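Colleague: Each residue of the sequence shown is one higher than the one before, counting from 45 in this note's numbering. Cβ atoms here follow ideal geometry from the backbone N, Cα and C, with glycine treated the same way. From a predicted model like this one, the values you see are computed outputs, not experimental measurements.
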Amino acid sequence: MKTLMQISLLSTAAVLVACGGGGGSSGGGGAGNGGGDPVARNCQISDSAEVNWEALENDNLEKLSDYNLFTSSCDPTQDAHGGIAYDLNTPLFSDYTSKYRFVFVPDGQSATYNENDVFDFPVGTVITKTFALPADTAYRGYDPETSTETLIETRLLIHRASGWVALPYVWNESGSEATFAPTGKLLDASLVHNGEQATFTYAVPDRIQCKQCHSHDDGTGGVFVPIGPKARHLNGDYDYGNGPVNQLTHWQGEGILDGLPSLDSVDKVPTYHDEDAGLLPGYTDEQLMAAAKGYLDVNCAHCHGVGGQAAYTGLQLEFWRDYDTDKMKHGVCKGPIAYDQGEMTYDVVPGNADQSILHFRMNTTDNQDSMPRLGRGMIHEEGVALVEAWINSLPDESCSSK
């Protein structure tokens, strides 16, 4: 261990710059190291496995633990009361945080399979995503007694009768409780990544900013929807304690997913994690295409896709979109909308990442230029490396004649 992460509050009046959970004056004094004796940390252990469904459907409670989603008030990463853990093949980047996800579906109900879009979850469904920042990204995994990961926030997406709502909860310094904090916070943060110390601002956004990423125009107006639980992102293995099994078939077996076709017919985003960046020189062009499309899909397509807030730009990056017949939607030789970056003219210049605006905007933290605009305070070095390798692998072609 080279360092311990330290994280502290900035002014809650500051302007927020990221998409996700939230914070408020009730959230206490920021997040701490997350270690220490559970008793000293005043962890509350639930004596009932009954989720507080009524409150979830109707009330924005002050304390996360009052919903009784997890056994311990100190640990939202395991021991969920009926919730099923899941992961995404290629994760959305959020400042090198670890993410712990669960889906809770009311007894006797199930989600309906959708080929390209998020599943149709029944009213009452709750999706939780907890963000924990490691002291060193080489050592991941949360344990309330020994972990060097710091709990930062837990985001709830609840499907109420009126539609989906986002409830953000921010963890206190001891990691013993998270409180409802809808107005957002900025946090000073530091971690070690690849042996190098990095400091940055971690932004926990407010509930309004959530809508910028989660809003989807279904043709009748904007609706709030989840982003991650799509078949292509879940079509991979997860170890539920008895060895790895496919997540989709597990959901089906647990009775929370209807309509799943044969897995052979289900699209699958390839896995790409930070440690895979070192393997990029050995990727074929086909592997680079699939991995880059998967990465852009999970990180960008909720805005840059059909129905997304940035669909008007013409850059639409869904994984299912065919590259060969729809190159311009992928940014190839396409001029940006209302964006001027000096000598750069096109989102993607085949064979030349250095002249591609898509690559440039991923590789900066300048607020005027960076993409995504919400959700990160750091550059995702490994994601940039993947997109750079993909663009440089594309057959050179002149955009000036387009």
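Counting Cβ pairs, one atom from each stretch, are 3 or more of them under 8 Å apart for the segment 324–334 and the segment 175–185?
Modeller: The segment 324–334 vs the segment 175–185: no contact.
Colleague: Hey, could you find the ends of the alpha helix (DSSP H) I435 is sitting in?
Modeller: Its alpha helix (DSSP H) spans residues 425–437.
Colleague: Should the segment 158–170 be called in touch with the segment 199–213, which here means at least 3 C-beta pairs below 8 Å?
Modeller: Touching, per the Cβ criterion.
Colleague: Helix, strand or coil for W208, going by three-state DSSP, please let me know.
Modeller: If DSSP states are grouped into helix, strand and coil, W208 belongs with the strands.
Colleague: Between V162 and the rest of its own chain, which residues show a CB-CB distance below 6 Å, the 5 nearest in sequence each way excluded?
Modeller: Result list for V162: V269, P270, P273, K274, in chain order.
Colleague: Apart from the five residues just before and just after D318, which ones in its own chain have a Cβ nearer than 6 Å to its Cβ?
Modeller: Answer for D318: E426, listed in chain order.
Colleague: Find out if the Cβ-Cβ distance for the pair K371, L359 is shorter than 8 Å.
Modeller: No, they are not a contact pair.
Colleague: What are the boundary residues of the alpha helix (DSSP H) that includes K337?
Modeller: Start and end: 329–344.
Colleague: Can you find the residues in the same chain that come closer than 6 Å, C-beta to C-beta, to N96, ignoring five residues on each side of it along the sequence?
Modeller: The residues are Y111, N112.
Colleague: Over what stretch of residues does the beta strand (DSSP E) that includes A242 continue unbroken?
Modeller: From DSSP, the beta strand (DSSP E) with A242 extends over 240–248.
Colleague: Do I196 and V248 come within 8 Å of each other at the CB atom, strictly closer than that value?
Modeller: In this structure, I196 lies closer than 8 Å to V248 by Cβ.
Colleague: My parser needs the beta strand (DSSP E) runs of 3 or more residues fully inside the segment 361–409; what are they?
Modeller: None, since the segment 361–409 contains no complete beta strand (DSSP E) of that length.
Colleague: Quick one: is E221 buried, meaning 16 or more other Cβ sit within 10 Å of its Cβ, or exposed?
Modeller: So E221 ends up on the buried side.
Colleague: Using C-beta distances below 8 Å, list every residue in its chain close to D440, excluding the 5 sequence neighbours before and after it, in chain order.
Modeller: Excluding sequence neighbours, D440 sits near P394, G395, N396.
Colleague: Measuring CA to CA, which of T156, H348, A321, A335 is closest to Q296?
Modeller: Cα-wise, what sits closest to Q296 is T156.
Colleague: Determine, using beta carbons only, whether N343 and L136 come nearer to each other than 8 Å.
Modeller: Yes, they are a contact pair.
Colleague: Contact between the segment 125–142 and the segment 300–317 is defined here as three or more beta-carbon pairs at a separation below 8 Å; is this criterion met?
Modeller: Yes, the segment 125–142 is in contact with the segment 300–317.
Colleague: Look up S444 in the DSSP assignment and say whether it is helix, strand or coil.
Modeller: Correct three-state label for S444: coil.
Colleague: Exposed or buried, L301, counting other C-beta atoms within 10 Å across all chains shown (16 or more means buried)?
Modeller: Label assigned to L301: buried.
Colleague: Measure the CB-CB distance between Y140 and L235 and report whether it falls below 8 Å.
Modeller: Contact: yes.
Colleague: Report the CB separation of D250 from T227 in whole angstroms; it is logged as a contact under 8 Å.
Modeller: Contact holds; Cβ gap of about 5 Å.
Colleague: Is it buried or exposed for A210, if we count other Cβ within 10 angstroms and need 16 for buried?
Modeller: A210 is buried by the Cβ-count criterion.
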